[in-house]
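Notes to accompany the following structure.
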Amino acid sequence: MSTTYGFALNRRRTFNTGGGGGGGTTEQIRFARDLHAQTAAFAANTLQIALSQTPVDLDGLTVWSQGEILHPNDYTILTGPDRVQIGFAIDPATDTDTGTWNFVITYPYIL
């Protein structure tokens, strides 16, 4: 099960017009917060979590597991379509009290 939350931030992108003038376009940057609750066991590098948006900057992507930030070595960012692959094995039935292992992925994207 995945859920997406987000908030918006406006950013003004300016381009050098050669004439010294201002100008430019306005982009709307949003931040996605994708939630994934895993109840079935999975082996290392088999769980792939689809992202709800296309990240504007992969360095801005953060993966949380059970409330703690994962080290980038613990997951792989896959593209086309955008998703995150978890690099370790978990059995929610035996590794948690609730039977659910929660992942949260946050990242910026352009609207």
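So the sequence shown is numbered by our numbering: it starts at 9 and just counts up by one.
Backbone N, C-alpha and C define an ideal beta-carbon position, used for all residues, glycine too.
These figures come from a predicted structure and were not determined experimentally.
- Judged by DSSP in its simplified three-state form, P116 adopts strand.
- For the pair D99 and A49, the CB atoms are nearer than the 8 Å cut-off.
- Our two residues, I85 and R91, have alpha carbons roughly 6 Å apart in a direct line.
- The beta carbon of T104 sits closer than 8 Å to the beta carbons of Q74 from its chain, once the five residues preceding and following it are set aside; these are given in chain order.
- By alpha-carbon distance to T62, the top candidate from F39, T54, N81 is F39.
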